[in-house]
Each structure stands twice: as structure tokens, then as C-alpha cells.
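So the sequence lines, in the order shown, correspond to chains H and X. Position 379, counted from 1, in the first sequence is what our numbering calls 378; the numbers after and before it change by one each time, with no gaps. Numbers in our numbering are just positions in the second sequence, counted from 1, shifted up by 54.
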Amino acid sequence: MARFFTPELDVDPDQIVLCSNCSTCRWTCTSYEEFRSEAMFAGGRLRLLRSYVEKNLPVDEGFVRAMYACSTCEQCVERCPIKVPYVRIIEDVRKKLVEMGKGPYGKLGVMGDMAFKHNNVFGENPRERGDWVKPDTKISDDSNWGYYVGCTASYKRPEIADATLRMLNYFGIEPQILGTEEKCCCSPLIRTGQVVRPIHEENEHGEMELLGTLEAEKFIVHNVEQMKSKGIEHVIFSCSGCYRTTTLDWPRFYRERHGILPFSTQHLTQFLALKLKKGELEWKGSYPETVTYHDPCHLGRHVGIFEPPRQILESIPGINLVEMERNRQNSVCCGAGGGFKAGFGENAINVAERRLNQALDTGATTIVSSCVFCKLNFLDAVKKRGVDIKVLNIEDLFISLMGLG
Amino acid sequence: MSASGDTTGIPYYHYRWKKKWLADYVAWPESTEQVSSIMKFASDRKIPVVPRGGGTCYYGSASPTRGGIVLDTKRMDKLIEVNKEEEWINVEAGAVWEILDTELRKQGLSLPVAPQSGVASTLAGWLAIGGKAGIGTPKFGSMVDNVVGMEVVRPDGTIDIVTGDDMMPFFGTSGITGVVTSIKLKVIPTPESTEGLMFAFQELERAIDALSRLSKTKTQPIYLRLTDLEYEWRIQGGLPPKTTGLFFVAATYSGTTDEVAESIKTSRGLFEIAGGEEIQQAYYEKNWEDRNIVEMKLKLEVPTLSMQNFWIPLPHIEPLVRKMYRIAKDYRINSCFYLVLGGSSMARLCVFAPSDHRHWMHFMSGKAMLHRLVKMMYRQGGELYTIGLQNTVYIKKYQPNDFKRFKALRKKWDRKGIMNPDKLTHCIMSYTRMNLMFTMNGNFRRLQAVLRRAKNILQIPVAYQEGHF
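Dropping the structure here:
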């Protein structure tokens with residue numbers, strides 16, 4: 000085995016040889032469509048990785064850039080004839096790059112710094128994490144329902160957090176929230192390889208001083224223990240990224256040393272679809288417009304939730320739900336995930352613009368999603384590129400049709 | 055580096071076939087004029103040019119061997135003109151088969167033929183390796199029968215429109231005569247119905263007999279494939295349901311609903327007479343859906359794919375397959391095959407030696423098996439399907455007429471020898487050296503097997519390799 004793999008990058012050789020270089024993944028890759036470069040799609044990246052590993056080449060900036068110019072949308076895994084776990088490989092490589100001190104790419108390191116200092120990736124004041132709660136909504140201290148808000152809804156899109164809380168209140172649920180005790184779910188950190196990373200800061204003499212080590216596991220354990228201490232049994236998520244991380248990544252980090260997670264997880268679209276199925280959801284208003292649904296990668300391909308959001312939308316009176324050519328498993332990424340937006344801002348907006356144009360091609364006047372990142376990126380594209388389409392999340396529609404807003 | 059190197063699955067294996075394995079430049083032209091400028095530049099300075107489409111060829115057809123320029127045509131993918139009345143399209147040669155077909159289907163048209171690698175390969179890529187056997191070829195002929203005309207850039211940079219026999223130097227010549235930039239291609243109205251069936255056979259002779267009979271029927275299938283059990287087992291991750299068969303024939307027809315129903319009836323009759331047992335429709339459908347990725351699915355269980363493609367008449371297949379099983383048994387390695395009907399009773403037989411290149415002896419024994427099969431195939435009549443980098447050494451030895459033809463083409467069109475060097479007309483590796491290496495390797499492996507030291511690293515799913523041959 001040592002014959003071919005003489006590593007600076009000692010990634011698992013079994014993973015690298017999996018890819019057969021058939022390039023099936025090329026033509027659906029978000030990043031290839033944007034950069035049109037052979038190093039910017041799953042197969043090309045693996046080829047690059049293999050060359051670096053086999054030839055033991057020093058890692059340079061181009062390599063780091065290629066490894067980070069991926070939104071980890073998993074479209075490649077969906078297309079791959081042999082389902083090479085590409086996203087896991089790329090996350091491992093990013094982790095390795097961070098360990099080597101060569102990653103993360105560009106400004107992505109700021110997310111880790113901010114998470115270390117402020118418990119959220121935006122560098123906002125952690126004491127203000129629960130400030131989005133409005134006086135006319137209800138939260139409790141003893142419910143077995145919890146609502147994990149996430150950094151983006153807490154600070155950047157508080158209307159999403161508010162809408163979700165109102166929705167839960169509507170169904171008689173007064174959830175507990177962790178408020179100032181809530182820490183980042185670690186989705187952006189895990190996706191960008193910042194699972195363990197030393198944090199440095201420049202001191203007054205201009206020298207880099209070690210502040211401590213960022214450890215994603217500590218964040219996760221803290222969040223789980225907080226929920227456990229509050230007796231939360233069911234957790235609702237409005238953020239697809241948080242939901243994916245909690246459902247797929249948290250058990251990985253938590254189980255080994257602490258046991259199984261003491262609560263179940265549910266995305267709000269699953270919650271609403273269940274209410275619909277039970278006959279507990281009766282719409283009070285109508286939405287007489289042509290609407291198309293964009294599957295968030297984290298909720299769709301990663302976790303497999305495709306139908307509940309559609310069931311909810313189809314039940315809305317007056318709505319005309321149309322599908323984009325690429326939907327469900329084949330849905331196109333919006334360009335916000337995997338650190339792509341934070342690392343390649345303008346490119347992410349280009350990707351979002353293309354997706355919005357695909358939505359317009361269906362004749363839709365509204366694009367609905369169920370992810371805060373997708374909404375954020377789509378709204379940026381609408382603002383900066385002037386795409387004429389309404390961007391909503393399912394919870395936005397809910398509160399406006401139920402007269403809760 | 056991912057664009058300038060070798061895009062094949064086992065690039066390290068071919069390092070000794072090359073002098074400089076990375077290109078110095080990669081060009082992504084977007085128009086014929088840009089291709090022409092690049093060719094003029096390269097020609098003036100005698101810089102090697104390696105034209106590349108999808109880069110999916112497993113035999114290194116588009117791998118640099120002396121540095122130079124990789125001329126990647128993937129950005130030339132525009133559909134220039136669609137003529138519904140006369141049923142042809144004019145399309146840039148870097149278009150990907152699957153994407154083009156999807157576009158055409160929106161207009162009620164579809165491509166009559168396409169390669170099995172159509173999800174990633176380009177029009178000119180398939181043309182450059184010959185385009186003889188794929189989906190649609192038994193019914194509509196090979197790619198050469200479906201191309202009306204082409205726009206090409208000669209190695210000296212001149213732009214030409216070629217039709218008829220003038221197109222022949224571009225088929226199966228790996229770009230040594232120039233770069234194809236756009237193709238006028240026949241299209242057909244989207245078929246009303248596409249259906250098929252799959253049968254299992256206990257004996258290879260019977261399966262091939264059924265295949266031969268079917269290849270002579272009036273209405274030809276668009277896809278006819280023969281596989282063995284290990285192949286099916288590996289690509290579908292389990293044995294086919296409710297059957298004890300060892301060989302499997304899948305046939306797909308397209309056309310009008312009545313035509314298809316009639317053809318299915320005929321083929322079912324033929325298969326039943328040959329002693330076949332029909333497989334569940336759902337299993338056939340799974341196979342049909344996977345038609346474009348089926349080779350790669352072998353990698354589900356196998357880290358390294360070694361394979362060889364033969365272009366041989368149907369009657370010559372049986373001895374070759376028997377030999378394959380015998381060698382595999384002797385060497386204690388795995389082997390499996392699939393066969394796709396091309397046209398006129400010629401088929402592409404793809405033999406696999408699944409292995410793991412990190413177990414060098416196992417991997418090289420697979421290669422030695424493929425080498426022995428190639429020699430046997432040449433004795434029996436037939437030729438290699440794809441030439442590329444890896445098989446040029448055989449062309450020189452066993453297909454002297456073709457080798458002369460390629461040399462003449464190179465001399466006529468590429469005097470400076472810049473186009474895709476070390477493909478078709480010259481090979482760095484010597485046949486004697488390779489033959490000696492494989493013979494020694496094979497003998498050593500046999501000795502290992504006799505001494506019970508030949509470890510088979512991959513699980514053999516069924517006992518047929520031991521029992522039946």
C-alpha cells in the first residue's frame with residue numbers, strides 16, 4: 000500500500016481509488032457549472048487529490064481552493080454509479096488541511112474564530128441569541144418540545160425563528176428554547192473541516208497568540224446536555240443545515256463517549272406534514288399563485304425529505320405547484336452550503352441566480368424552500384441581480400396564510 | 055493537474071508508456087476559429103496536441119505522453135441547427151451525448167445511436183475511438199452511418215468541411231488527423247415505445263446461439279447485451295432473482311408500439327427455443343436504467359478495473375470466454391464479461407479482470423490474462439475495439455495493415471507528428487518486453503496457485519468458474 004501512497008495528505012487510500020474517473024458527476028456539479036474547471040467537480044477533485052497523494056506533492060493554494068470550492072450538495076453522490084462517498088471524502092480532506100494549517104480557505108476561518116469566541120459563526124453577541132422572541136409568542140420552561148433555532152435564524156433571519164415559534168404556538172406547543180445557552184450546531188464547522196482547530200489572535204505586539212482550541216465536539220455535547228437537562232424529548236428545526244447536522248453528525252460525535260442522543264429530531268416540514276395527515280391543519284387563507292419548490296440539499300439529498308414540503312404546499316388552497324426540471328434527488332444546489340457562500344460569495348450568487356432562472360422558466364412567481372441558507376442566498380440574488388421572483392420559506396407561507404404574522 | 059494528466063482509472067500503470075505524463079498547457083476553445091489558432095500555434099512550434107472530449111476512454115486515448123497541449127473540447131457544446139424535416143442536427147463536437155439527447159427529446163427528436171458512456175462522453179470522443187458498438191447500433195448502424203458531415207480543423211490549422219468517404223480518416227483514429235469541431239448528425243423522431251426483456255441461460259453456447267439468431271431477425275434491437283453471473287452479481291449487488299441461470303441476455307427494442315410488441319414476441323420465442331428462462335421484468339428494467347453506467351458499477355465491489363475490449367464476430371466469442379474462465383481459474387483471479395452487439399453479427403466483448411492494484415501480483419495476473427486473451431483473439435480473427443495508448447502496441451504487432459493505414463494517415467495529415475503522439479502509429483513500450491513480462495507474471499502466478507500461495511483477494515460469488523469450465 001505504501002507503494003502508491005506516500006502521504007503528506009494521508010487520506011484513506013481506499014477512498015481515493017473508489018472513483019473510476021467516469022466523470023458522470025461532472026455535468027450536474029454546481030461548482031463545475033460555475034467554474035468550468037476540471038478540478039472543480041467531484042471526479043476531477045478526486046483525481047487531483049490522488050495525484051497529490053500518489054506523487055506526494057506539497058499542498059498549495061490552488062489545491063486548497065479546489066477542495067473548498069464545493070458546496071457539498073451531494074448531487075455527485077446521487078449521480079455516481081457506485082455512490083463514492085464524495086462529500087465525506089472532501090470533508091475529511093478539509094479536516095486534514097485544517098490540521099496541517101493549510102485550511103480553511105480564505106475567510107472561512109473567520110467562522111471558526113467567531114464560533115470559538117461568540118458561540119455563533121457570525122460573531123454576534125451570544126447574550127442576544129434569544130432576543131428574537133417577541134412578547135406575543137410563547138415559550139416555556141417545562142415542555143418536552145424544544146426548538147433549536149440555529150445561528151442564522153437567531154441573528155440574520157429572525158423572522159424565520161419567529162414564524163416557526165408562532166407555528167408551534169398555533170398547534171398548542173410552547174417549546175423550550177436554549178436561548179443564550181444555545182451554541183452553533185457546528186454544521187459550518189464540520190462542512191469546512193474545522194472540527195478541531197487552534198484559534199490564534201494577534202496581540203498588541205502584532206504576534207499571533209494561541210487563544211485555545213476550537214472543538215466541534217464540545218459545542219455538540221454542550222447543546223445535547225442542555226437539552227437533556229431541560230427534559231426536551233422532541234426537537235424541531237427550521238434550519239435544514241442544523242437539522243442535517245443534528246440528525247447525521249451529532250450522533251457520530253456524541254455516541255462514542257456519551258451514548259445515544261436523548262431526543263428525537265424533526266424538521267418543521269415533517270411536523271406540518273404530520274399535522275396535515277392527522278387533519279389538524281386547515282388553511283385559513285389561500286395563495287393563488289404559481290409556486291415551485293426548491294429542495295434544500297441538506298434536507299433533501301442528505302436526509303431524504305422530499306415529499307412532506309410538497310404535501311404541505313399542495314394542500315394550500317389556490318396554489319399551483321409546478322416542478323422545476325431538476326427536482327427532488329436531482330435538485331440543483333442554491334450555492335449557499337458547505338462554506339461555498341462564505342468562501343466564494345459572488346460565485347454563490349451566480350449559482351442562486353441560475354436556480355432562480357430555472358424557477359422562472361416554469362412560470363412560477365414564487366420559489367418556496369425550507370432552508371434558511373437557501374432563502375438567504377436566493378434573496379441576495381434577487382437583490383443583487385434583480386431576479387423578479389418572490390422567495391419564501393414554508394413557515395413564511397404558514398404564518399401569512401394563517402394570519403399569524 | 056486534473057485536466058493536464060491522465061484521466062484513466064489506472065494512470066500509474068501507464069507511466070512507462072509515456073515520456074511526460076502532464077501536459078504543459080490546457081486549452082478550452084469555444085469556437086472552431088480558436089481551435090484553428092491553437093493548431094496553427096502548435097504546428098509552428100511543433101508542440102504536441104492531445105484532443106480531448108469527455109476523457110472517459112479507459113485506454114488513455116486522450117492522455118498526454120510528451121507534454122504539450124491538451125485541447126479540451128468540452129466547452130464547444132452548442133446545438134447549432136435542428137432540421138426536423140430532414141431529420142438531422144448540426145452540433146458542436148464537444149456536446150455530451152446524454153445532455154444532447156435530453157435537449158432533443160424536448161423537441162420530439164432523439165439520437166439514434168449513443169455510446170454506453172453517454173452520460174459523460176462527447177460526440178467527437180466516441181467518433182475518435184470508432185463508435186461501433188453502443189445503444190442503437192444494431193438497429194441504426196455505427197456512428198459512421200449516422201454522421202452526414204463534419205467540420206474539422208487539420209493539424210496545420212486549416213478548417214475543412216468533410217463528407218462521405220473523406221470522413222473516414224477521423225473515425226477511430228484518436229484525433230491524429232485533426233480535431234472535429236462540429237458534426238452534422240442524423241436524428242430520429244422520439245420512439246413511441248421502448249421495451250425489452252431479459253433471459254437467463256444455463257449454457258454459454260445456447261445464449262450465444264440465441265444471440266446470433268436474434269441478430270439475424272428483421273427488426274433489430276437497439277441494445278442487445280450478454281453477461282455472465284459474476285458480472286450481474288457485481289453490478290447489481292446480488293444474484294438475479296428466481297433463476298439458476300449463469301448467462302444473461304437482455305434485449306431492448308424501440309419503435310412504434312406494435313413493432314416493439316411484435317419484436318418482443320419474436321425474441322421471447324427465440325430465447326425460449328434456445329432453452330432460456332425469462333427473468334423478472336423489474337430486473338430487466340433495472341439493467342436498462344443502468345445501461346449508461348453499467349461498466350462503472352463494477353467498481354462497487356472492486357477497487358481497480360482492468361479490462362480489454364474486443365471487436366469480434368459472434369461465433370468467435372465462445373472459445374474466448376472459455377479460455378478466459380480457464381486462465382482465471384489457473385491464476386486464481388476473478389474475471390467476468392459483458393458483450394454488446396454492434397451490427398452485422400459483430401460484437402464488442404468487454405472482458406474484466408476485477409482486482410486491486412495494491413495487490414500487485416493479483417492485478418498483474420489480471421493484466422496477463424487479458425494479454426493472453428488478446429493473443430488468442432488475434433489468432434481466431436477479430437480486433438481490438440479501442441486502441442488508444444495502451445493497445446497501440448498490439449496494433450503494431452497484430453494489425454499490420456491498420457498500422458500501415460494509420461502511419462499513412464499520420465504522414466499525409468500530420469507530417470510534424472504533433473497530433474496525439476504515441477497513439478496508433480508509435481508506442482514507447484515494446485511488445486517483446488510486455489509479452490515477456492506478462493508471460494513471466496502468468497507463469498509465476500500459476501506456480502503460486504500450484505503451491506497454494508495465490509491469494510484471491512476478491513470473493514468469488516459462485517462456483518461456476520470451478521465447476522463448469
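Glycine included, each C-beta is placed from N, C-alpha and C at the ideal position.
For H:GLU306, the enclosing alpha helix (DSSP H) has its first and last residue at 306-313.
In the structure shown, H:ASN319 adopts extended strand secondary structure according to DSSP, grouped into three states. Between X:SER196 and X:GLY203, the C-beta gap is not smaller than 7 Å, which leaves the two residues out of contact. Residue contact check for H:THR136 against chain X: no CB pair falls below 7 Å. With a threshold of 7 Å between beta carbons, H:ILE398 makes no contact with chain X. CA-CA distance, X:VAL104 to X:VAL216, rounds to 21 Å. Residue contact check for H:PRO80 against chain X: a CB pair falls below 7 Å. In the DSSP assignment, H:ASN376 falls within the alpha helix (DSSP H) that extends over 371-384.
Counting only runs that start and end inside the stretch 111-161 of chain X, the beta strand (DSSP E) elements of at least 3 residues fall at 123-126, 133-137 and 142-146. From the listed residues H:ASP294, H:LEU210 and H:GLY43, the smallest Cα separation to H:SER22 is found for H:GLY43. Taking CB atoms only, X:SER419 has no neighbour in chain H less than 7 Å away. At a cut-off of 4 residues, the continuous stretches assigned as alpha helix (DSSP H) that sit fully inside the stretch 182-213 of chain H are 186-190. From the listed residues X:ILE333, X:MET473, X:LEU395 and X:GLY442, the smallest Cα separation to X:LYS296 is found for X:ILE333. Nearest Cα to X:SER247 within the set X:GLU316, X:ILE327 and X:SER419: X:GLU316.
Assignment of beta-bridge partners to X:VAL207 by DSSP yields X:ILE213 and X:VAL233. Residue contact with chain X for H:GLU37: present (Cβ-Cβ distance below 7 Å to some residue of chain X). In the same chain as X:LEU427, and ignoring 5 residues on each side of it, the C-beta atoms closer than 8 Å to its own belong to GLN362, PHE364, LEU374, LYS377, MET378, ILE381 and VAL405, in chain order. Within a 10 Å sphere around the beta-carbon of X:TYR485 sit fewer than 16 other beta-carbons, which makes this residue exposed. The closest CA to that of X:LYS458, considering only X:TRP82, X:PHE325 and X:LEU478, is found on X:LEU478. Of all C-beta pairs linking the stretch 250-258 of chain H to the stretch 279-288 of chain H, fewer than three are shorter than 8 Å, placing the two stretches out of contact.
Residues of chain X with a Cβ closer than 7 Å to the Cβ of H:SER22 are, in chain order, GLY108, GLY109, THR110 and ALA174. In the assembly as shown, H:LEU209 is an exposed residue. Its beta-carbon has fewer than 16 other beta-carbons within 10 Å. Sequence-distant Cβ neighbours of X:TYR285 in its own chain, meaning closer than 8 Å and more than five residues away, are LEU352, CYS390, PHE391, TYR392 and PHE406. In chain H, no part has a C-beta under 7 Å from the C-beta of X:ILE143; the shortest such distance is about 19 Å.
Counting of Cβ neighbours within 10 angstroms places X:GLY218 among the exposed residues, the total staying below 16. Nearest to X:TYR113 by C-alpha distance, out of X:GLY442, X:PRO475, X:GLU355 and X:VAL241, is X:GLY442.
DSSP places X:GLU84 in no beta strand (DSSP E); its state is neither H nor E. For X:VAL150, the chain H residues whose C-beta falls within less than 9 Å of its own C-beta are ARG25 and TRP26, listed in chain order. Setting aside the 5 residues that flank it on each side, X:ASN495 is surrounded in the same chain by MET418 and ALA422, each with a C-beta closer than 6 Å to its C-beta; the list follows chain order. Proximity of the stretch 164-184 of chain H to the stretch 216-231 of chain H meets the contact definition, three or more beta-carbon pairs being nearer than 8 Å. Excluding its 5 nearest sequence neighbours in each direction, X:ARG129 has C-beta neighbours in its own chain below 6 Å: TRP82 and GLU84, listed in chain order. Of X:GLY396, X:LYS383 and X:THR440, the smallest CA-CA separation from X:ALA508 is found for X:LYS383. Sixteen is the threshold: since fewer than 16 other Cβ atoms of the shown chains lie within 10 Å of the Cβ of X:ILE327, the residue is exposed.
Nearest to X:ASN346 by C-alpha distance, out of X:GLN170, X:PRO245 and X:ASN445, is X:GLN170.
Residue burial is scored here from C-beta neighbours: H:PRO287 has fewer than 16 other C-beta atoms within 10 angstroms and is therefore classed as exposed. Residues of the same chain with a CB within less than 8 Å of the CB of H:ILE81, apart from the 5 flanking positions on each side, are LEU17 and SER19 in chain order.
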